[in-house]
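Numbering (our numbering) for the sequence shown: 10 to 375. Single-structure report; data block below.
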Amino acid sequence: MIKILFFIETLSGGGAEKVLQNLVNNMDKEKFDITVQTAWKENSEKYLNKNIRYKYIYPCYSKLNNLRYRLNVLLKTIYPRYIKDDYDVEVAYLECGATKVISTSTNKKAKKFAWVHCDLSKKMSNIDEFREKSISWYKKFDKVVCVSQDVEKSFKSIYGYEFDTEVIYNVIDDYSIKEKAAENINDYFFDEKTPTIVSVGRLSKQKRFDRLIEAHKLLLNNGVQNKLLIIGEGDERTNIEQLIASLGVQNTVTLAGFKSNPYPYIKNADLLVCSSDYEGFSSFVAEGLISGKAIVTTDCNGMNELLGDSQYGIITECDVNALSKGIEKILTDNKIKEKYERKAAERAKSFSIETSVKSAEEFFSK
Numbered sequence: 010m011i012k013i014l015f016f017i018e019t020l021s022g023g024g025a026e027k028v029l030q031n032l033v034n035n036m037d038k039e040k041f042d043i044t045v046q047t048a049w050k051e052n053s054e055k056y057l058n059k060n061i062r063y064k065y066i067y068p069c070y071s072k073l074n075n076l077r078y079r080l081n082v083l084l085k086t087i088y089p090r091y092i093k094d095d096y097d098v099e100v101a102y103l104e105c106g107a108t109k110v111i112s113t114s115t116n117k118k119a120k121k122f123a124w125v126h127c128d129l130s131k132k133m134s135n136i137d138e139f140r141e142k143s144i145s146w147y148k149k150f151d152k153v154v155c156v157s158q159d160v161e162k163s164f165k166s167i168y169g170y171e172f173d174t175e176v177i178y179n180v181i182d183d184y185s186i187k188e189k190a191a192e193n194i195n196d197y198f199f200d201e202k203t204p205t206i207v208s209v210g211r212l213s214k215q216k217r218f219d220r221l222i223e224a225h226k227l228l229l230n231n232g233v234q235n236k237l238l239i240i241g242e243g244d245e246r247t248n249i250e251q252l253i254a255s256l257g258v259q260n261t262v263t264l265a266g267f268k269s270n271p272y273p274y275i276k277n278a279d280l281l282v283c284s285s286d287y288e289g290f291s292s293f294v295a296e297g298l299i300s301g302k303a304i305v306t307t308d309c310n311g312m313n314e315l316l317g318d319s320q321y322g323i324i325t326e327c328d329v330n331a332l333s334k335g336i337e338k339i340l341t342d343n344k345i346k347e348k349y350e351r352k353a354a355e356r357a358k359s360f361s362i363e364t365s366v367k368s369a370e371e372f373f374s375k
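Here it is in C-alpha cells:
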C-alpha cells in the first residue's frame, strides 16, 4: 500500500480544494493509504470520506494563527514540527504556501510532487521576483504536476525546461454533479421569457466578472434580452456592486453569493459563461460540459483542452466586444445553442471521474 500525504492550507476554498476532495475521496483505499493535512482545523467530515486520515496544524483559523503559520513557513519549521510521519509520497496540492511547506520536507525516502493549478505568469504581479524566490522550492520536488497543458507550458516558460513536469487533469465528480443538480431551487432567477446566463466562481480580479457584466450591458444595448446570475463570493464584491450600479443593470444582474450546491443553477441556465483572464483547468467549464450546457468562455488556460477549437463551446478573445458577440450567437440562435448542448454532452465523456481518477492513481503507482 502506498502511503500518501496531501498538504493544502484549507479545504474550504475554491476549485483546487474541491478537486482535491474529488480525488482523494475516489482513490482506491486498498492501494492507497491517504492523509490530508491542512493549516487549521476544519470540518473534515463535510469534505472527506471516513477512510481518509485527517490532520491539521492549528486548532482554528484566526489572524493570530495565520500570522504564526506564515512566520513558521518563513522559518521552515512547519514540516519538522507538525508533519511527522513515514510517507511514501508527499504532495503539495497548491502553489505557493503548500509548496513552500513540503519543499522543506526532511523525509528522504518520500517522492515529492508539487501541483500547479494556474498560470503563474499571469497570477504573479512581478514574475521575475517570484521566480527568483520560488525556484528553490521547486528544485526540492521530484516532479511538478500541472493541471493542463497550458499551465505546463506557462510553468516551463518561467522556470525553463530543467524541471520534470507532467499533466494530470482535475478530477470532476460527474455522478455527484448530476445527483446534486436534481435539487429543487427557487426559480425566481429563471423564466421562459428571458434567457439566463450563469457564471460561477470566486469574486476575484482573475475571474473578470466586470468584463462579463459589461458584455451583458452591451447585449442589452443591442436589444439582446438576458439576465445574468453570478454565483460566488470574494474580495471584489464591492467593486462589482459599484459597477452594476454605475451601468444601471441592478434589475438584470444578480450576485447570488456562495452556493454550496451550484449545480441546479447550472442545470437551469440557458448559457454558461467564463470571463476569466486566466485559469488552470476550469472546474466550472468542465462541470458545464458534464451538465450538457452551451458554454462561452474567454481564451484562457486550458480552454482548448476542454472545448477544442470552439468545437464543444465558443472560445472568444479576452475583451468585452468579443465576449458579447460569442454570447449573442447562443442567445439569438436556438439551433446553435442546441448544437453546443449536444457537443458538451459528447465531450463530457472524456472527463468522467473513472478516467481522471485512474490517471492519477497510475501516476502515483508509477
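Don't be surprised by glycine CBs; every beta carbon is placed ideally from N, CA and C. Quick caveat, the model's predicted, so the values are computed rather than measured.
V45 is the residue among E175, D279, K344, V45 whose C-alpha sits nearest the C-alpha of A107. Within the model, the alpha-carbon separation for F199 versus A25 is close to 29 Å. The C-beta of N310 has 16 or more other C-beta atoms within 10 Å across all chains shown, which makes the residue buried. With contacts defined by Cβ atoms closer than 9 Å, A354 and G289 do not form a contacting pair. Taking all protein chains in view, the Cβ of S255 is surrounded by fewer than 16 other Cβ atoms within 10 Å, so the residue is classified as exposed. Taken atom to atom, the span from the alpha-carbon of D128 to that of L29 is near 18 Å. Contact annotation: the region 339-347 does not touch the region 259-271, with fewer than three C-beta pairs closer than 8 Å. Within 10 angstroms of the beta-carbon of D318 lie fewer than 16 other beta-carbons, which makes it exposed.
As a beta-bridge residue in DSSP terms, Q46 pairs with F16, K64. Inclusion of L228 and S333 in the CB contact set at 9 Å is warranted, their separation being smaller than that value.
In the structure shown, I181 falls within a coil segment according to DSSP collapsed to helix, strand and coil.
Cα atoms of I144 and K165: separation of roughly 12 Å, rounded to the nearest angstrom. In the DSSP assignment, F122 falls within the beta strand (DSSP E) that extends over 120-125.
For a cut-off of 8 Å, the C-beta gap from A278 to I206 is around 7 Å, short enough to register as a contact. Between the beta-carbon of F16 and that of Y102 there is about 7 Å, and that keeps the pair under the 8 Å contact cut. Secondary structure at V258: coil, using DSSP grouped into helix, strand and coil. For the options Q320, R79, K236, the alpha carbon positioned closest to that of L298 is the one of Q320. Distance from the CA atom of T86 to the CA atom of F372, rounded to whole angstroms, is 29 Å. Rounded to whole angstroms, the Cβ separation of S368 and I177 is 6 Å, and the two are in contact under 8 Å.
In the DSSP secondary-structure assignment, A101 is bridged to F16, A123.
Here the C-alpha atom of R77 lies approximately 35 Å from the C-alpha atom of M10. Taking one beta carbon from each stretch, the region 243-253 and the region 177-187 have fewer than 3 pairs nearer than 8 Å; the two do not touch.
Using a Cβ-Cβ distance cut-off of 8 Å, the region 132-140 and the region 112-123 are not in contact, since fewer than three pairs of beta carbons, one from each stretch, lie closer than that value. Counting the other Cβ atoms within 10 Å of the Cβ of S21 gives fewer than 16, which makes it exposed.
Classified as buried, F150 has 16 or more neighbouring CB atoms from the shown chains inside 10 Å of its CB. Going by beta carbons, I13 and V100 fall inside the 9 Å limit. Contact between N31 and D182 holds, with the beta-carbon distance rounding to 5 Å and staying under 8 Å. D173 sits close to K152, with the two beta carbons spaced by under 9 Å. A straight-line Cα-Cα distance of about 11 Å links G243 and L264. Leaving aside the five residues that flank N34 on each side, the residues in its chain whose CB is nearer than 6 Å to its CB run, in chain order, N58. Non-local beta-carbon contacts of C69 in its own chain, meaning distances under 8 Å to residues more than five positions away in sequence, involve W49, K50 in chain order. About 5 Å separates the CB atoms of S285 and K216; that is less than 8 Å, so the two are in contact. Excluding the 5 residues flanking it on each side, Y56 has same chain C-beta neighbours closer than 6 Å at L20, Q30, in chain order. Secondary structure note for E175: its beta strand (DSSP E) is the uninterrupted segment 174-176. Given a length threshold of 4 residues, each whole run of the alpha helix (DSSP H) inside the region 232-308 is given here in chain order: 246-256, 272-277, 292-299. Between E39 and E370, the alpha-carbon positions lie close to 12 Å from each other.
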